[in-house]
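Presented below is the structure to which this report refers.
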Amino acid sequence: MPVLVMKFGGTSVANLDRIRRVAKRVGVEVAKGYDVIVIVSAMSGKTNELVGWVNETSPLYDAREYDAVVSSGENITAGLMALTLQEMDVPARSWQGWQVPLMTTSAHGQARIEEIPTKNINEKFGEGMRVAVVAGFQGISPEGRITTLGRGGSDTTAVAFAAAFDAERCDIYTDVDGVYTTDPRICEKARKLDRISFEEMLELASLGAKVLQTRSVELAMRYKVKLRVLSSFEEQSDEAGTLVCDEEDIMESNVVSGVAYSRDEAKMTLQSVADRPGIAATIFTALSDGGVNVDMIVQNISDEGRTDMTFSCPTDQVARAEQALLAIKEQGELNYAELIADTDVAKVSVVGIGMRSQSGVAAKMFKVLSDEGINIKVITTSEIKISVLIDRKYMELAVQALHDAFELDQAA
């Protein structure tokens, strides 16, 4: 039988009533003739509670025990979902990561999937099981310890299973009914997209859109897994939600498909750094080793052999960045006059595969921001994206103005 993967997030399984509702939806797909692999998250709020317990017990915790604790939320959901399906006379059983077994690296808290053998689950499908309810977000290391894939990791679990089992499609059920041109909470004209390319979705996810985890989109693009994002709270048709697919599967699209934003950004500037080969490597190796996720990078023009280096990072990593750079300064590896942190900025981006073939997007974006009196602090571009750092107080205005300027409320 064809395989369908269905993933349900925490809000979709927040209580027993919602689990029953989800189980009915799974039953509909079984009735259509699918063998279904259901990937479940922990009930809404449960993972945060478990993380809190770990931090309260041991602030400097053993990451292996952290994974053992925080992965338990998904186990509970998987068991309850399997029981609910059995009550509906649907042959189902729950699977924890180690039972599949979903093999990962040993990087506890941020493990990466290495292999998903299909033998165990396929044998049970062959014996009459119709639904495998798999605990998302977790796997097993080469040492036999439970691992977790990082927050949002159940999305990655779902896509990886769809690739491993050559599923017809991977449906991601969440609390929104698809991917929008921007956040509807900020712009009331935001429009739900019927289709979006893998590349556009990857950019939007990495730039602040919270619909899908970035790694799940990367996997889907690599293995050509058709993804559908849809709401678990609305009645569904075959055309519901947003399909994330190859660019070739999209007939027409706007030049710009969406406007993304990230509120919690910081702009950091190293003043008066030596302008010589290897200095950038020294700076950004230290930041990487310190666990700082650097995004935008700008180097000023050199003056008398000195220059300024500016980069952006999440606001909650500013202290790490300061510590990492101070450490190499004290070790004599780097000399700078001052490190200035501006934690009151936001990143706003426009994304669209149409940028490849149409010029003028950057000029239009900058003109719109200028007309609104918004100063641009940093600019970065890629083939299908333009991002700017601006003062945070102008973020919502910028998103609304760009959405209107590129007429994203209208379909192509």
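For the sequence shown, UniProt numbering begins at 1 and goes up steadily by one.
All C-beta atoms in this analysis are idealised placements derived from N, C-alpha and C, irrespective of residue type, glycine included.
Small disclaimer: the values here were computed from a predicted structure and weren't measured.
Worksheet item: Does the separation of the CB atoms of M81 and V36 fall below 8 Å?
Response: In the sequence shown, residue 81 corresponds to position 81, counting from 1. In the sequence shown, residue 36 corresponds to position 36, counting from 1. Their beta carbons are not under 8 Å apart, which means M81 does not touch V36 by this criterion.
Discussion item. Beta-carbon within less than 8 Å of L10's beta-carbon, same chain only, minus the 5 sequence neighbours each way: which residues are those?
Written reply: By 1-based counting over the sequence shown, the position of residue 10 is 10. Per the sequence shown, the amino acid found at residue 10 is Gly instead of Leu. Once the five neighbours on either side are set aside, the close Cβ partners of G10 are S41, A42, M43, S44, G45, K46 and T47.
Worksheet item: Whole beta strand (DSSP E) runs in the segment 240-327 with 3 or more residues, listed along the chain?
Response: 242-245, 258-274, 297-299 and 306-314
Item to complete: Pick helix, strand or coil for residue 487, following the three-state DSSP scheme.
Response: In the structure as shown, the chain begins at 1 and stops at 412. Residue 487 is therefore absent and cannot be evaluated.
Item to complete: Return the bridge partner residues of I113 from the DSSP annotation.
Response: Mapped onto the sequence shown, residue 113 falls at position 113. DSSP lists T104 as partners of I113.
Worksheet item: Got a sec, what are the start and stop residues for the beta strand (DSSP E) V179 sits in?
Response: For the purposes of this step, residue 179 is taken as the residue at position 179 of the sequence shown. Where V179 is concerned, there is no enclosing beta strand (DSSP E), given that its DSSP letter is neither H nor E.
Fill in: Reference T148, options A107, D177, E114 and F125, closest by Cα
Position 148 of the sequence shown, counted from the start, is the residue given in the question as residue 148. For T148, the nearest C-alpha among the options comes from A107.
Discussion item. I believe R263 touches M395 by the beta-carbon criterion, under 8 Å. Please report the beta-carbon distance rounded to the nearest angstrom.
Written reply: The sequence position of residue 263 within the sequence shown is 263, counting from 1. The sequence position of residue 395 within the sequence shown is 395, counting from 1. At roughly 6 Å, the Cβ-Cβ gap stays under 8 Å, so R263 and M395 are in contact.
Worksheet item: Can T77 and I113 be called in contact, C-beta distance under 8 Å?
Response: Position 77 of the sequence shown holds residue 77. Position 113 of the sequence shown holds residue 113. The answer is no: Cβ separation not under 8 Å.
Worksheet entry | N- and C-terminal bounds of the alpha helix (DSSP H) containing K364 | Counted from its first residue, the sequence shown places residue 364 at position 364. Here the alpha helix (DSSP H) through K364 covers V361 to D371.
Worksheet item: Less than 8 Å separating the beta-carbons of residue 413 and D175?
Response: Shown here, the chain extends from 1 to 412; a query on residue 413 therefore has no answer.
Worksheet item: Taking the alpha-carbon positions, what's the L270 to W53 distance?
Response: For the purposes of this step, residue 270 is taken as residue 270 along the sequence shown, with counting starting at 1. For the purposes of this step, residue 53 is taken as residue 53 along the sequence shown, with counting starting at 1. When rounded, the distance between both Cα atoms is 38 Å.
Worksheet item: In whole angstroms, what separates the C-alpha of V229 from that of T181?
Response: Here residue 229 is taken as the residue at index 229 of the sequence shown, counted from 1. Here residue 181 is taken as the residue at index 181 of the sequence shown, counted from 1. Cα-Cα distance, rounded: 14 Å.
Discussion item. Between which residues of its own chain and F23 is the CB-CB distance below 7 Å, once the five residues before and five after are set aside?
Written reply: Within the sequence shown, numbered from 1, the residue matching residue 23 stands at position 23. Correcting the residue type first, residue 23 is Ala in the shown sequence and not Phe. Same-chain partners within the cutoff: M81, T84, L85 and M88.
Practice prompt. Assign V22 to one of three DSSP states: helix, strand, or coil.
Written response: In the sequence shown, counting from the first residue as 1, residue 22 sits at position 22. V22 falls in the helix class under three-state DSSP.
Worksheet item: Mind checking if E29 is an interface residue toward chain D, Cβ cutoff 8 Å exclusive?
Response: Within the model displayed, chain D is absent; a lone protein chain is all it includes.
Worksheet item: Helix, strand or coil: how does DSSP classify E203 here?
Response: Here residue 203 refers to the residue found at position 203 of the sequence shown. Helix, per DSSP.
Worksheet item: Start and end of the alpha helix (DSSP H) containing L85?
Response: For the purposes of this step, residue 85 is taken as the residue at position 85 of the sequence shown. L85 -> alpha helix (DSSP H) spans S72 to E87.
Item to complete: Would you kindly report the start and end of the unbroken alpha helix (DSSP H) that includes V399?
Response: Here residue 399 refers to the residue found at position 399 when the sequence shown is read from its first residue. Residues M395 to A405.
Discussion item. Can you tell me where the alpha helix (DSSP H) holding K119 begins and where it ends?
Written reply: Your numbering for residue 119 matches position 119 in the sequence shown. Here the alpha helix (DSSP H) through K119 covers K119 to G126.
Discussion item. Whole angstroms are fine: how far does the CA of F137 sit from the CA of T105?
Written reply: Translated into positions along the sequence shown, residue 105 becomes position 105. Translated into positions along the sequence shown, residue 137 becomes position 137. About 13 Å.
Worksheet item: Does DSSP put I37 in a helix, a strand or coil?
Response: What you label residue 37 is simply residue 37 of the sequence shown in a count that begins at 1. It is a strand residue.
Worksheet item: Among G290, V179 and E123, which residue has its Cα nearest to the Cα of V318?
Response: As a working note, residue 318 is residue 318 in the sequence shown. Of the candidates G290, V179 and E123, the one whose C-alpha sits nearest the C-alpha of V318 is G290.
Fill in: Rounded separation between G354 and K347 - CA only
Position 354 of the sequence shown, counting from 1, holds the residue named residue 354. Position 347 of the sequence shown, counting from 1, holds the residue named residue 347. Each residue's Cα considered, the two are about 21 Å apart.
Fill in: Distance between R130 and V30 (C-alpha atoms, nearest Å)
On the sequence shown, residue 30 is found 30 positions in, with the first residue counted as 1. On the sequence shown, residue 130 is found 130 positions in, with the first residue counted as 1. Looking at the two C-alpha atoms, the distance is approximately 7 Å.
Worksheet item: Near T315, what residues of its chain come up, given a Cβ to Cβ distance below 6 Å and the 5 sequence neighbours on each side ignored?
Response: What you label residue 315 is simply residue 315 of the sequence shown in a count that begins at 1. Result list for T315: D264, A266 and T343, in chain order.
Worksheet entry | Straight-line Cα distance separating Q99 from I386 | Position 386 of the sequence shown, counting from 1, holds the residue named residue 386. Position 99 of the sequence shown, counting from 1, holds the residue named residue 99. About 44 Å.
Discussion item. Going by the DSSP bridge assignment, what does V5 pair with across the sheet?
Written reply: Start at 1 with the first residue of the sequence shown, and residue 5 comes out as number 5. V5 pairs with I37 and C170.
Item to complete: Pick helix, strand or coil for K329, following the three-state DSSP scheme.
Response: Numbered from 1 along the sequence shown, position 329 holds the residue referred to as residue 329. In the structure shown, K329 sits in a helix (DSSP, three-state: H, G or I).
Worksheet item: Around the Cβ of M268, are there at least 16 other Cβ atoms within 10 angstroms (buried) or fewer (exposed)?
Response: Taking the first residue of the sequence shown as position 1, residue 268 is located at position 268. Buried.
Discussion item. Let me check one thing: in DSSP terms, what residues is T148 bridge-paired to?
Written reply: As a first step, residue 148 is located in the sequence shown; it is residue number 148 there, counting from the start. The partner list for T148 (beta bridge, DSSP) reads Q138.
Worksheet entry | First and last residue of the uninterrupted alpha helix (DSSP H) at L339 | Within the sequence shown, the letter at position 339 stands for residue 339. That residue, L339, is in no alpha helix (DSSP H); its beta strand (DSSP E) goes E338 to V351.
Discussion item. For a test of the three-state rule: what should DSSP assign to L193, helix, strand or coil?
Written reply: In the sequence shown, the residue the question calls residue 193 occupies position 193. Residue state, collapsed to three classes: coil.
Worksheet item: Beta-carbon separation of D249 and R195 under 8 Å?
Response: Position 249 of the sequence shown holds residue 249. Position 195 of the sequence shown holds residue 195. Yes, the Cβ-Cβ distance between D249 and R195 is below 8 Å.
Worksheet item: Ends of the alpha helix (DSSP H) at D62?
Response: Along the sequence shown, read from residue 1 onward, the residue named residue 62 stands at position 62. Counting along the chain, D62 falls outside any alpha helix (DSSP H), and DSSP gives it neither H nor E.
Worksheet item: What does V30 pair with, by DSSP beta-bridge criteria?
Response: The residue you call residue 30 lines up with position 30 of the sequence shown. V30 pairs with nothing; no bridge assigned.
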